[in-house]
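*Asks:* Here it is, the structure in full.
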Amino acid sequence: MNPLLNTTAAELRTPWTYQPMSGFYDEMMGGVGVVRPHWQTLVESLNQAGPSGLAERWREGQRLIRDNGVTYNVYGDPKKTERPWPLDPVPFLLEGSEWAKIESAIAQRATLLNQVLQDLYGPQELLKKNRLPAELIFGHPGFLRPCSGITPPGNIWLHSYSADIARSPDGNWWVLADRTQAPSGSGYALENRLVSLRVLPDVFRAGNVQRLAPFFQAYKDMLRSLAPRRENPRIVLLTPGPFNETWFEHAFLARYLGFSLVEGGDLTVRNNNVYLKTLGGLLPVDVIVRRQDDTFCDPLELRGDSMLGIPGLVQAVWSGNVAVANALGTGLAESSGLAAFLPALSRHILGEELRMPNIATWWCGESAARQQVENRLGHLVLKPASPALDFEPIFGARLGPKQRALLIEKIKANPAAYVAQEQVSLSTVPVAQDGRLDPRHLVLRVFAVASGGGYAVMPGGLTRISTSLDSLVVSMQHGGGSKDSWVLAETPAPPFSLLRRSAGPLPVSRATFDLPSRVADNLYWLGRYLERFETAVRTVRVVLPRLHQEADAPAAAALQACRNILAEGGWVKAGDERLNEDEIFSTILDAELKTSLRASCRDIRRLARLLRDRISADAWRVLSQLEKQFTGELPPEPLRNSWSRELLDNAVMSLSAFSGLATENMTRGHGWRFLDMGRRLERAMQTVLLVRHGLGFVNEPGEAELHTVLEIADSSMTYRSRYLNSMQADLALDLLLLDEGNPRSAAYQLSKLRKHVDRLPESHPPSGTPREARLALSLLTSVQLAETRDLVRLPWLNEFTGRLEGDLALLSDTISRVYFIHQLPLQART
Amino acid sequence: MTVSTTHTTTYLYSDPVSICHTEVHLAPRDCPHQRLISHELSVTPNPAFRVSRRDYFGNEITIFTIQEPHQTLNITARNEIEIRSGPEYSFPPAAAQTPPWEQIPREIRTGKTDEIFRASEFLYRSPFVRPSPDCEAYGRQSFTPGRPLLEASLDLCHRIFSDFRYDPRATTISTPVAEVLAKRSGVCQDFAHLMICCARSLGLPARYISGYLRSNARTLGGEASHAWCAIFCPELGWLEFDPTNDVMPAGNHVTIAHGRDYSDVAPVVGVALGGGEQLINVSVSVLPPAAN
Numbered sequence: 015m016n017p018l019l020n021t022t023a024a025e026l027r028t029p030w031t032y033q034p035m036s037g038f039y040d041e042m043m044g045g046v047g048v049v050r051p052h053w054q055t056l057v058e059s060l061n062q063a064g065p066s067g068l069a070e071r072w073r074e075g076q077r078l079i080r081d082n083g084v085t086y087n088v089y090g091d092p093k094k095t096e097r098p099w100p101l102d103p104v105p106f107l108l109e110g111s112e113w114a115k116i117e118s119a120i121a122q123r124a125t126l127l128n129q130v131l132q133d134l135y136g137p138q139e140l141l142k143k144n145r146l147p148a149e150l151i152f153g154h155p156g157f158l159r160p161c162s163g164i165t166p167p168g169n170i171w172l173h174s175y176s177a178d179i180a181r182s183p184d185g186n187w188w189v190l191a192d193r194t195q196a197p198s199g200s201g202y203a204l205e206n207r208l209v210s211l212r213v214l215p216d217v218f219r220a221g222n223v224q225r226l227a228p229f230f231q232a233y234k235d236m237l238r239s240l241a242p243r244r245e246n247p248r249i250v251l252l253t254p255g256p257f258n259e260t261w262f263e264h265a266f267l268a269r270y271l272g273f274s275l276v277e278g279g280d281l282t283v284r285n286n287n288v289y290l291k292t293l294g295g296l297l298p299v300d301v302i303v304r305r306q307d308d309t310f311c312d313p314l315e316l317r318g319d320s321m322l323g324i325p326g327l328v329q330a331v332w333s334g335n336v337a338v339a340n341a342l343g344t345g346l347a348e349s350s351g352l353a354a355f356l357p358a359l360s361r362h363i364l365g366e367e368l369r370m371p372n373i374a375t376w377w378c379g380e381s382a383a384r385q386q387v388e389n390r391l392g393h394l395v396l397k398p399a400s401p402a403l404d405f406e407p408i409f410g411a412r413l414g415p416k417q418r419a420l421l422i423e424k425i426k427a428n429p430a431a432y433v434a435q436e437q438v439s440l441s442t443v444p445v446a447q448d449g450r451l452d453p454r455h456l457v458l459r460v461f462a463v464a465s466g467g468g469y470a471v472m473p474g475g476l477t478r479i480s481t482s483l484d485s486l487v488v489s490m491q492h493g494g495g496s497k498d499s500w501v502l503a504e505t506p507a508p509p510f511s512l513l514r515r516s517a518g519p520l521p522v523s524r525a526t527f528d529l530p531s532r533v534a535d536n537l538y539w540l541g542r543y544l545e546r547f548e549t550a551v552r553t554v555r556v557v558l559p560r561l562h563q564e565a566d567a568p569a570a571a572a573l574q575a576c577r578n579i580l581a582e583g584g585w586v587k588a589g590d591e592r593l594n595e596d597e598i599f600s601t602i603l604d605a606e607l608k609t610s611l612r613a614s615c616r617d618i619r620r621l622a623r624l625l626r627d628r629i630s631a632d633a634w635r636v637l638s639q640l641e642k643q644f645t646g647e648l649p650p651e652p653l654r655n656s657w658s659r660e661l662l663d664n665a666v667m668s669l670s671a672f673s674g675l676a677t678e679n680m681t682r683g684h685g686w687r688f689l690d691m692g693r694r695l696e697r698a699m700q701t702v703l704l705v706r707h708g709l710g711f712v713n714e715p716g717e718a719e720l721h722t723v724l725e726i727a728d729s730s731m732t733y734r735s736r737y738l739n740s741m742q743a744d745l746a747l748d749l750l751l752l753d754e755g756n757p758r759s760a761a762y763q764l765s766k767l768r769k770h771v772d773r774l775p776e777s778h779p780p781s782g783t784p785r786e787a788r789l790a791l792s793l794l795t796s797v798q799l800a801e802t803r804d805l806v807r808l809p810w811l812n813e814f815t816g817r818l819e820g821d822l823a824l825l826s827d828t829i830s831r832v833y834f835i836h837q838l839p840l841q842a843r844t
Numbered sequence: 062m063t064v065s066t067t068h069t070t071t072y073l074y075s076d077p078v079s080i081c082h083t084e085v086h087l088a089p090r091d092c093p094h095q096r097l098i099s100h101e102l103s104v105t106p107n108p109a110f111r112v113s114r115r116d117y118f119g120n121e122i123t124i125f126t127i128q129e130p131h132q133t134l135n136i137t138a139r140n141e142i143e144i145r146s147g148p149e150y151s152f153p154p155a156a157a158q159t160p161p162w163e164q165i166p167r168e169i170r171t172g173k174t175d176e177i178f179r180a181s182e183f184l185y186r187s188p189f190v191r192p193s194p195d196c197e198a199y200g201r202q203s204f205t206p207g208r209p210l211l212e213a214s215l216d217l218c219h220r221i222f223s224d225f226r227y228d229p230r231a232t233t234i235s236t237p238v239a240e241v242l243a244k245r246s247g248v249c250q251d252f253a254h255l256m257i258c259c260a261r262s263l264g265l266p267a268r269y270i271s272g273y274l275r276s277n278a279r280t281l282g283g284e285a286s287h288a289w290c291a292i293f294c295p296e297l298g299w300l301e302f303d304p305t306n307d308v309m310p311a312g313n314h315v316t317i318a319h320g321r322d323y324s325d326v327a328p329v330v331g332v333a334l335g336g337g338e339q340l341i342n343v344s345v346s347v348l349p350p351a352a353n
């Protein structure tokens, strides 16, 4: 017996109070003071925990969301596009028997839409027999004529489908909208589940909540079955990129499902096949899971207005050399106009009634329907019939008589562009906030994937809630929240995890050649940014304690050395003015400056975000914390200096933690190699910079400068342990530049770099040694051949370090050219 | 009569193009008044991949990929076509005896034949043709109530010919119809789009035709690809109009392809990786074969 389904009456006790609104169906309360049976265990648990108990558990949930970097991008928000994912701790509960009905209705609707698409891109009998108005399809920009005549594998067009459904006051569920192009949200639903499992593990177990993993396994199996090559097919998830609203989900799902996350520029069509551009060369791609609108998938045949996408893709699909899921052209079925005809189409095609009705929908392109819409405008919501005319939903109830007349005129001018829908009174569900439970409207997004000739439906889905009770729009774009959705079963679900099962034995693979060039590029620059940032942090850390010192000659010399070093990196102005506190604090914290430490942290995390599917959750957490440390406010005097020192100490710790994680936990593939090459190259550059600008070449460097530079380069201790307190320029310079045993020296970096370059995929061409290998070797040899006693001959040192500086820059350029240059601009030829 | 056509497109790039994908509409389709005898498409450098198929509208397209670095691309299409003339091919019927134009939208709505269904494809907006109140107003001056379809269409064709100046510098491929209408100038493609737009604004199916014109001193648009349009009438089929020359094509026009507008049938489109600046040179010749 499922304790969540027991029938003993329970009531919501103080300290919780909950007042559902009359006129709406409330999901938890069946009447005044009556908790619906399947909510009772959860209610008891809430009673037990009380607001403070829940808040405490919820802190763990919020930490997970923050640390996992679960975000949602909001368009048109100039300040920041990325918002933390809003999740409510109280899940939405659905009874198993009710769910079974929803499940079968969604599977039916997906089946129906798939057959409609088969017809529209094939014989078009529905149009010829006038079961669908031709204008709705022929006038729709989502009807992709170049895809007409294609037969996708298994004749599946709709590989994944989602619907927004809502419950009306009489308790019935209705379909509000269909998502057929690249349905989003299943990844967020999964992430919600991972969080709510941690927050309410006991209630979850007691409720026999149906698991999500089998759904994703079915999805994976189906995608594998589409591949033209059966053995170990390569499946990629195509994303429009980090500015897309659901980018987090793309990266998350790619990782969870084990697919490569790619952008259009990572793929290329050669010989009518699709390839992934990687460091190891071009690798064939069998299946593209697209999260990009179809019109942007092939600039050759689909001619979106941009050069995004993969030229030649449509022909490769025609030839059956690659499968695209969802099939190109499926955006057409998203048209709200189509919904008006689905009840009749269901009877015609499937010979059955829709198991879940549409919300009443009228397409204004039919004059009888338009007349009805005009008459009932006050009860309706107007929506675009197709993306050709895009506008926010218009609520008839909110318009005055003049505005209504105006709208009616607009509809008359272009009736086919408008669809009207009955306005629904969405059901309500409790949402925890400020220690209270408040009712909010709910829309449930449910997901289906093609499976075994039919459709498998994810048990539950993504529950989205409105910002306030009087908000009529439930949308993540409009700041709504979300909930995990639990489908309760009578018996416990069998244990199942995607990670435990695989379709068959896989060959052992140790090579990681399939690193997209774009990713290698980003990893390399992440390495460089981190190292550049570290030098600045270490330099400022040397400055801070000296700001309050007596203005004696050595302190002044040390500060001047630091100014020169920081100025070279663009962190402060060049000159001979003594560094002062205000200047240093703004270098640390000023968010407006392009080159403050705070801004750099932001840049680093932004870059790391592009690599979400490549760096570990732990490494990501370290970088998130690093950024967070720098968002603090400077405390008042006299605490500022010590506060800043602590901040920088923590930053150095975070950076060490990151490199520790990279060293210990990253597979020694090309990903790690490019990250480490970036670091080595930048550290060598920074060390040379310290010597050239910290010591200067005007006079013999003084003790103060030598101490300062050694300290920044974290080599003071080594120096002291070797030479005690006697400071000698040649010994210090030898330690910084030539000593291969000092992990901070230029020589050490160059020796690592040479090994990396030697292992790059293009390093061993059939004839000759490539330029980057020769450069790396020549750099290493020049430090190996240098003599310590020459280092104190200023003109020689100047020439020597100048050459190192130039050759390092050249090496970086060469690596970029050979490995990252794949991203040439595409241009249209007309 | 047999004519041979040669259509050469040359691209010159300032920097090497490493890969390019191209789609061409260069093979004449069979129509009642013409039959393709031979078609030859040569491309230099030699494409690594090349395939031909029919597009949605039944035109032949060829798609090819060049995968070697190149700075010059040459695409040449040579065709030999038999143009049929004679009473059964040469319209027009007596203009005054064609049905009143308002009858056509009604017949399209209620018609059941496959031809009518296919024609309904050409009633709606398309990438280059956005029916508008301005176009409707311009069209209505010719399409007065009850006027026979062909008479009204010929009048519209004539008005475009006389109201608009032929000026290759006035517009580009992407100039919208609204701007052509405001500027009163353009080239064959603009005039075809304008006439299509007027017709569709009035509920008449209208399509775009690309092809060649045997030029002589009196005609315009013969030095390159030409474009004209057709309006559908259930009784008479598709009636073709060339508003650039104020004629109904008969004998001198070679049809390559038809579609909703230019975007469906552009002779050569492509996407190139790299290339820097590009220079395009197009030449078309239409000649009776030497033997004739």
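Going down the list, the sequences are from chains F and C.
Residue numbering for the first sequence follows our numbering, starting at 15 and increasing by one per position.
Residue numbering for the second sequence follows our numbering, starting at 62 and increasing by one per position.
All C-beta atoms, glycine included, are put in the ideal place defined by N, C-alpha and C.
For clarity, every value in this text was computed on a predicted model and none was experimentally measured.
(1) Please determine, among C/Pro206, C/Glu338 and C/Val326, the residue with the shortest C-alpha to C-alpha distance to C/Trp289.
(2) By the three-class DSSP mapping on this structure, what secondary structure does F/Ala698 have?
(3) Can you find a C-beta in chain C that's less than 7 angstroms from the C-beta of F/Lys291?
(4) Can the beta-carbon of F/Trp187 be found less than 7 angstroms from the beta-carbon of F/Ile179?
(5) Report the residues of the stretch 125-144 of chain C with a CB closer than 7 angstroms to any CB of chain F, ordered along the chain.
(6) Less than 7 angstroms between the beta carbons of F/Gly9 and F/Ala503, yes or no?
(7) What separation, rounded to the nearest whole angstrom, lies between the Cα atoms of F/Trp30 and F/Thr55?
(8) Three-state secondary structure (DSSP) at F/Gln33?
(9) Classify C/Gln158: buried if its beta carbon has 16 or more other beta carbons within 10 angstroms, exposed otherwise.
(10) Let me check one thing: in DSSP terms, what residues is C/Ser75 bridge-paired to?
(11) Any idea what DSSP makes of F/Val46, helix, strand or coil?
(12) What three-state label does DSSP hand C/Gln158 in the structure shown?
(13) Nearest chain C C-beta to F/Gln329 closer than 7 angstroms, yes or no?
(14) Kindly indicate which residue of C/Arg321, C/Glu296, C/Pro328 and C/Gln339 has the alpha-carbon position closest to the one of C/Ser187.
(15) Tell me, which residues are paired with C/Trp289 by DSSP?
(16) From what residue to what residue does the alpha helix (DSSP H) around F/Arg478 run?
(17) Tell me the start and end of each unbroken beta strand (DSSP E) in the stretch 310-345 of chain C that is at least 3 residues and wholly inside, in chain order.
(18) What does C/Ser181 reach in chain F if we use C-beta pairs closer than 9 angstroms?
(19) Looking at F/Arg694: is its Cβ nearer than 7 angstroms to the Cβ of F/Leu621?
(20) So what does DSSP say about F/Tyr135, is it helix, strand or coil?
(21) Is there a C-beta anywhere in chain F that falls below 7 angstroms from the one on C/Tyr117?
(22) Rounded to whole angstroms, what is the Cα-Cα separation between F/Glu367 and F/Ala399?
(23) With distances taken Cα to Cα, identify the nearest neighbour of F/Thr282 among F/Trp261, F/Gln386, F/Trp53 and F/Leu322.
(24) Cutting at 6 angstroms between CB atoms, please list the residues of its own chain near F/Arg305, excluding the five before and the five after it.
(25) Where DSSP assigns a beta bridge to F/Ala572, which residues make up the other side?
(26) Within 7 angstroms of any Cβ in chain C, is that where the Cβ of F/Asn286 sits?
(27) Measure the alpha-carbon distance for C/Thr105 versus F/Lys143 and round it to whole angstroms.
(28) Is the number of C-beta pairs between the stretch 81-89 of chain C and the stretch 117-134 of chain C that are closer than 8 angstroms three or more?
(29) Buried or exposed for F/Asp404, please, with buried defined as at least 16 other CB atoms from any protein chain shown within 10 angstroms of its CB.
*Replies:* So, from the data block:
(1) C/Val326
(2) DSSP places F/Ala698 in helix when its eight states are reduced to three.
(3) no
(4) yes
(5) Only Thr126 and Gln128 from the stretch 125-144 of chain C bring a Cβ to less than 7 angstroms from some Cβ of chain F.
(6) Any answer about residue 9 of chain F is impossible in this case: the structure gives chain F only from 15 up to 844.
(7) 15 angstroms
(8) Collapsing the DSSP output to three states places F/Gln33 in coil.
(9) exposed
(10) Answer is none; C/Ser75 lacks a bridge partner.
(11) coil
(12) It is helical.
(13) yes
(14) The option with the nearest alpha carbon to C/Ser187 is C/Arg321.
(15) C/Ile270
(16) Not the alpha helix (DSSP H): F/Arg478 falls in the beta strand (DSSP E), residues Leu476 to Ile479.
(17) 314-320 and 329-335
(18) Chain F residues near C/Ser181: Leu141, Ala148, Glu149 and Phe152.
(19) no
(20) coil
(21) yes
(22) 24 angstroms
(23) F/Leu322
(24) Ala196, Thr253 and His264
(25) Answer is none; F/Ala572 lacks a bridge partner.
(26) yes
(27) 47 angstroms
(28) yes
(29) exposed
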